[in-house]
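Residue numbers (the working numbering): 665 to 856.
Here a beta-carbon is modelled for each residue, glycine too, at the ideal position from N, C-alpha and C.
A short write-up of the structure that comes next.
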Amino acid sequence: MSEPNSESPPRDQFASAAAEKKDAALDIPPERSLWKGGYSPKAMYGSWIITAVISVALLIVGFLFVSGDQAGMIWSILGAVIVALWIFVIGLYLYRRIGMSYELTTQRFIHQEGIFKRTTDRIEVIDIDDVSFSQGIIQRVLGVGQIRITGSDRTHPELVLQGIDKVNEIATLIDDVRREERRRRSLHIEAI
Numbered sequence: 665m666s667e668p669n670s671e672s673p674p675r676d677q678f679a680s681a682a683a684e685k686k687d688a689a690l691d692i693p694p695e696r697s698l699w700k701g702g703y704s705p706k707a708m709y710g711s712w713i714i715t716a717v718i719s720v721a722l723l724i725v726g727f728l729f730v731s732g733d734q735a736g737m738i739w740s741i742l743g744a745v746i747v748a749l750w751i752f753v754i755g756l757y758l759y760r761r762i763g764m765s766y767e768l769t770t771q772r773f774i775h776q777e778g779i780f781k782r783t784t785d786r787i788e789v790i791d792i793d794d795v796s797f798s799q800g801i802i803q804r805v806l807g808v809g810q811i812r813i814t815g816s817d818r819t820h821p822e823l824v825l826q827g828i829d830k831v832n833e834i835a836t837l838i839d840d841v842r843r844e845e846r847r848r849r850s851l852h853i854e855a856i
């Protein structure tokens, strides 16, 4: 801080001191990426297992109960149902895997969604109010889950991130970044 000039009026001295404090407080570190991620393949293991069980059950039902004149048509229907089921599950997986991506920086949370039409939204981490996560039984074993972010952002007051690997670690990281940014900005406000 510079020495106050006894010749300048007090108003100028105050303005000069306030400007120096503001410049010192604005020493904001550059934004850097802390985590990038998307939908984990492990999150679909339960869906794969359920689809496989349903497929096998349909085949068993077909072998036990289908006979007679209409057997060819019933087998065609069962085959079509099994194929449609697998196409749906694989399509859902591909959409989630290719169509969703997330990035956490020191100042923002960026999420992108879509395959043909990509939408990118940014949430300031200071606007995040709460971070929580949930896991099912299979997800707990595999270490994946859902993260729920609630905040004061107008476009996404609640954002659910599905299929996040190392869910506990990532939810804690988002919360720590949120808390650190709030501390830093409150110090910035107090310094001005």
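Alpha-carbon spacing of residue i relative to residue j, whole angstroms
i      : j      : result
Leu806 : Ser731 : 42 angstroms
Ser798 : Ile738 : 41 angstroms
Arg786 : Ile779 : 18 angstroms
Tyr757 : Glu845 : 34 angstroms
Glu850 : Gln771 : The question names Glu, yet the displayed sequence has Ser at residue 850. Going by the C-alpha atoms only, they are around 14 angstroms apart.
Leu728 : Gly736 : 14 angstroms
Lys781 : Pro705 : 23 angstroms
Pro693 : Arg848 : 10 angstroms
Asp733 : His820 : 57 angstroms
Arg818 : Val824 : 15 angstroms
Pro674 : Glu695 : 38 angstroms
Option in the options with minimal Cα separation from residue i
i      : options                           : result
Gly840 : Asp793, Pro821, Arg786 and Leu728 : Note on residue identity: the sequence assigns Asp, not Gly, to residue 840. The candidate whose alpha carbon is nearest that of Asp840 is Asp793.
Asn832 : Pro674, Val717, Val725 and Ile811 : Ile811
Ile801 : Ala835, Leu742, Ser719 and Ser711 : Ser711
Ile718 : Leu742, Ser697, Lys706 and Gly736 : Leu742
Lys830 : Arg843, Gly726, Trp699 and Gly763 : Trp699
Ser816 : Arg804, Ser740, Gln803 and Arg842 : Arg842
Ala744 : Gly726, Phe678 and Ala707         : Gly726
Val720 : Glu822, Leu749, Pro673 and Gln803 : Leu749
Val753 : Thr836, Pro674 and Ala716         : Ala716
Ile713 : Asp791, Gln677 and Gln803         : Gln803
Secondary structure of residue i, DSSP reduced to three states
i      : result
Glu695 : coil
Arg804 : helix
Thr814 : strand
Val753 : helix
Phe678 : helix
Ser798 : strand
Val824 : strand
Asp791 : helix
Arg761 : helix
Phe780 : coil
Contact under 8 angstroms by Cβ, residue i with residue j
i      : j      : result
Tyr703 : Gln826 : yes
Val795 : Ile813 : yes
Tyr759 : Gly701 : no
Glu777 : Gly763 : yes
Ile751 : Leu722 : no
Thr783 : Ser697 : no
Counted within 10 angstroms of its Cβ, other Cβ atoms place residue i as buried (16 or more) or exposed
i      : result
Val808 : buried
Val789 : buried
Ile838 : buried
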